[in-house]
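Residue numbering for the sequence shown follows full-length UniProt numbering, starting at 1 and increasing by one per position.
Cβ atoms here follow ideal geometry from the backbone N, Cα and C, with glycine treated the same way.
As structure tokens, the structure follows; a few thoughts come after it.
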Amino acid sequence: MTEKSEVLHLDGIPSNKPRREGTTFFWFDPQGTWRINSGDRSFEIDGICVQIHDAFRQAIMKGVPYDLLVSALPQFVSVAGHNSESTLSREMFERFLTETAGYPELNRFLYLYDCQRLVSSIQECSKEIVQIMGEFYFTLNMESFFYPPLKQPDGIRYSTSPVTTKLFAYLNFIFIRMHSLLDCIVKLAIESERLQTDFTRYPRISSLSEQFGSRKRVSFNGEQGTLLENCSFVTTVETLRNHIIHDALLDEMPKAYERIEGGTTVEKFILFPDMTNGRFDRYKTRNLFYGSEDKINLRLPGMVTEFQARLEVTLQRVLAVLQRRS
């Protein structure tokens, strides 16, 4: 077996096949992607996003011969300012818009693609979380924390190394991306409820400057089961993102642990700071306590699954809003 054909387990100890029924594990799909055996809502999320793409089209292009017009649409309308496939500069883009000012339907298409870009951002960020989580468990399972590998006495030891740095970088990315999705979903929800209707000029999207803090502007803000619910889970995502961005480290000296028995590593883990109701346990300046010995590697997939489930419900609410506008 090659390294990436191993079954990766949450405790950092790989195997050639799943250990027992009911355990969570990762494997590398032959198509080149990480898969988790249960809980992943990626397909469902992507399916709803496809429907939202189409719902935006139907709502914005209502009463317009879309199929007839889209075939004659200049390529720059869909990709310029969005996609690296377009080498058009900002100045050239502005010039083209000036020269086509007499075609308001062009502005309608520009706005449509801007709205659909919000959906695409959610699709890509969601994929990134799952794939980076796979890389996290690959590193935890397959890479030695210390180089060169040395035989160690029984007990628990910790390592600080480039591999440990990489593990924490993956964790940081996952939590930051979760918060990116909080921002994106608020933008998407606001846009769906405040669609532009004046296409005599190229309109800015209504949600251009909005972030997660703007969620009170969303009609279903606070709804149970969504990412807009006022709950400890969403507060946890906010707390982690803000701490990583503004205070940098989840451990003063980032480290990964190994439990060694009979000269063999039987468990690997990373400790996570104690949190209560989504916030770090704090005493004055100190806020990184580890009294509960919370092993984040054992519950990270569960966190991602809950986030995905809430994202799916939130997207369904956005879709319902757009379908009423169609």
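In this model, GLU238 and PHE76 are separated by some 37 Å (Cα to Cα).
According to the DSSP secondary-structure assignment, TYR290 is paired through a beta bridge with no residue. A distance below 7 Å between beta-carbons, with the five flanking residues on each side excluded, links THR314 to the following residues of its chain, in chain order: ILE185, THR226, LEU227 and LEU228. Under the DSSP definition of a beta bridge, HIS9 partners with PHE25. Per the Cβ contact rule, the segment 256-263 is in contact with the segment 151-166 (3 or more Cβ pairs under 8 Å). Counting every other CB atom within 10 Å of its CB across the protein chains shown gives PRO301 a total of 16 or more, marking it as buried.
One alpha carbon belongs to VAL218, the other to LEU181, and they sit about 15 Å apart.
Per DSSP, the continuous alpha helix (DSSP H) segment holding GLY134 begins and ends at 104-142. The beta carbon of PHE175 sits closer than 8 Å to the beta carbons of VAL237, LEU240, ARG241 and ILE244 from its chain, once the five residues preceding and following it are set aside; these are given in chain order. Residue environment for SER192: buried (at least 16 other C-beta atoms within 10 angstroms of its C-beta).
Residue pairing by DSSP places LEU271 opposite LYS295 in a beta bridge. With 16 or more neighbouring CB atoms inside 10 Å of its own CB, MET133 falls in the buried class.
Bounds of the alpha helix (DSSP H) holding GLU193 are 162-193.
DSSP places ALA59 in the helix class (H, G or I) of the three-state scheme.
A Cβ-Cβ contact shorter than 9 Å links PHE168 with ILE270. By the beta-carbon neighbour count (other beta carbons within 10 angstroms, threshold 16), LYS268 is buried.
Ranking MET178, GLN308, LYS17 and ASN297 by CA distance to the CA of PHE136 puts ASN297 first.
By the Cβ-count criterion, ARG41 is buried, with 16 or more other Cβ atoms from all chains shown falling within 10 Å of its own Cβ. Note: SER15 is bridge-paired with VAL7 in the DSSP secondary-structure output. By the criterion of a C-beta distance shorter than 7 Å, ALA80 is surrounded in its chain by SER86, LEU88 and PHE93, once the five residues flanking it on both sides are discounted. For ILE52, the CB contacts under 7 Å within the same chain, skipping 5 residues up- and downstream, are VAL119, LEU315, VAL318, LEU319 and LEU322 in chain order.
Annotation for GLU91: the continuous alpha helix (DSSP H) segment containing it runs 90-99. In the DSSP annotation of this structure, the continuous segment of the beta strand (DSSP E) that includes ARG35 starts and ends at 33-36. For SER78, the enclosing alpha helix (DSSP H) covers residues 76-79. Residue nearest to GLU223 within the set LEU311, GLU210, LYS127 and GLU21 is LEU311 (criterion: CA-CA distance). Around the beta-carbon of LYS284, fewer than 16 other beta-carbon atoms lie within 10 Å, marking it exposed. The Cβ-Cβ distance between ASN277 and ARG201 does not fall below 9 Å.
Apart from the 5 residues on each side of it in sequence, PHE109 sits with its Cβ closer than 7 Å to the Cβ of LEU73 and VAL77 in its chain, given in chain order. Per the coordinates, the alpha-carbon of PRO18 lies some 41 Å from the alpha-carbon of ARG286.
If you compare the alpha carbons of ARG90, ASP11 and LYS151 with that of LEU140, the shortest gap goes to ASP11. Distance between VAL234 and PHE173, taken at the CA atoms: about 17 Å. For TYR257, the enclosing beta strand (DSSP E) stretches over residues 256-261.
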